[in-house]
Every structure is written in structure tokens, then in C-alpha cells.
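Student: The structure's right below; bear with me while I get my questions together.
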Amino acid sequence: MEVIHKIGRRKTAVARVYVAKGKGNITVNKKDMTDYFTTGPLQYKVNQPLVMTNNDGNFDITVNVYGGGITGQAEAIRLALSRAMCEVDAENRAILKPEGLLTRDPRMVERKKFGQKKARKKFQFSKR
Numbered sequence: 092m093e094v095i096h097k098i099g100r101r102k103t104a105v106a107r108v109y110v111a112k113g114k115g116n117i118t119v120n121k122k123d124m125t126d127y128f129t130t131g132p133l134q135y136k137v138n139q140p141l142v143m144t145n146n147d148g149n150f151d152i153t154v155n156v157y158g159g160g161i162t163g164q165a166e167a168i169r170l171a172l173s174r175a176m177c178e179v180d181a182e183n184r185a186i187l188k189p190e191g192l193l194t195r196d197p198r199m200v201e202r203k204k205f206g207q208k209k210a211r212k213k214f215q216f217s218k219r
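Residues in the sequence shown are numbered consecutively from 92, following the working numbering.
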């Protein structure tokens, strides 16, 4: 098996994932995953596609991720890993699809409008 390269996106975060046969090491931006994602829920999100397809420990995964916040980055990695697991074995698609792990979340931040404080918030009107 050669290296599988997939991309995942969430909000403004972009994750490039490289999956190769190995012992189960996950490296995110040249750091160990537990050092990069310090909380349990974020580590769970990253591992979710591997655990659901019974592949946790079969692959060495290298991730380059940038943009967005820490949660958006974790979810971008999850999408990229889900896509990679589908390429490893086509039967994994039937496992991941019902859980919504193959769906790109399209929600983005709404732009700030001219003459307003934020996207929807207006400046306060004062009568003097």
C-alpha cells in the first residue's frame, strides 16, 4: 500500500492527511496528537473514523493542518481521515456515511456588513 493523501475542510481550517501502513502513530504539525489536541473530546473526534472502522493502530498518519480554531482543525482532520478510510476499503463507506462523517459541514462565518457593528448586530440608536 502506498501513501494515501486526502484533504478535509471545516470553517476555515484545512487538513492534509497522509495515511501509510504502520503502528498507529498520529502526528499533527510535527507534534504527537496528544500534545497538539490536549482535550479528550478533540482526540476522540480525530480518532473516530479509525475506531469505527476498526483501524486504530494499523496506520501511521501524518497531518498538516492550518487555519481556523482547534475544534475546526480536529473536525477537518476527521473528514480527511474518513475519506482516507473509504479509499482503504470501500466497505468502510457504509459504516461512516450514516454517522455523517463523510459530509462536509458547509457553515461559514457570515461577513460583516458595512454600516453595522457585526454581521447582524447594528450600532445602538441613541435619541438626543
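In this text, a Cβ means the ideal position worked out from N, Cα and C, and glycines have one as well.
1. What would DSSP say about residue 185, mapped onto helix, strand or coil?
2. In this structure, how does DSSP classify residue 191 when only helix, strand and coil are distinguished?
3. For residue 142 and residue 213, what's the separation of their Cα atoms in angstroms?
4. With DSSP as the reference, identify every bridge partner of residue 107, one or two as the case may be.
5. Does the pairing of the segment 163-181 with the segment 203-217 give three or more beta-carbon distances under 8 Å?
6. Using CA atoms only, rank isn't needed, just tell me which of 132, 152 and 166 is closest to residue 158.
7. Residues bridged to residue 119 by DSSP?
8. So, with DSSP's three-state summary, where would you put residue 112?
9. DSSP three-state label for residue 131, please.
10. Just to confirm the assignment, what range does the alpha helix (DSSP H) spanning residue 165 have?
11. Comparing alpha-carbon positions, which option in 164, 188 and 184 lies nearest residue 119?
12. Mind checking residue 140: buried by the 16 CB within 10 Å criterion, or exposed?
Tutor: Reading off the structure:
1. For the purposes of this step, residue 185 is taken as residue 94 along the sequence shown, with counting starting at 1. Looking at residue 185 - three-state DSSP - the assignment turns out to be helix.
2. For the purposes of this step, residue 191 is taken as the residue at position 100 of the sequence shown. Coil, per DSSP.
3. Reading the sequence shown from its first residue, position 51 is the one you call residue 142. Reading the sequence shown from its first residue, position 122 is the one you call residue 213. Rounded to whole angstroms, residue 142 to residue 213 spans 46 Å at the Cα level.
4. Taking the sequence shown and counting its residues from 1, one reaches residue 107 at position 16. For residue 107, which the question treats as bridged, DSSP gives the partners 98 and 155.
5. no
6. Counting from 1 along the sequence shown, the entry for residue 158 is found at position 67. Nearest C-alpha to residue 158: 166.
7. Working through the sequence shown from its first residue, we reach residue 119 at position 28. Looking at the DSSP assignment, residue 119 forms a beta bridge with 122 and 154.
8. If you number the sequence shown from 1, residue 112 lands on position 21. Of the three classes helix, strand and coil, the one that applies to residue 112 here is strand, per DSSP.
9. Taking the first residue of the sequence shown as position 1, residue 131 is located at position 40. Three-state result, residue 131: helix.
10. Residue numbering aside, residue 165 sits at position 74 when the sequence shown is read from its first letter. Note, residue 165: alpha helix (DSSP H), 161-179.
11. Numbered from 1 along the sequence shown, position 28 holds the residue referred to as residue 119. Here the closest residue by C-alpha is 164.
12. Your numbering for residue 140 matches position 49 in the sequence shown. Under this definition residue 140 is a buried residue.
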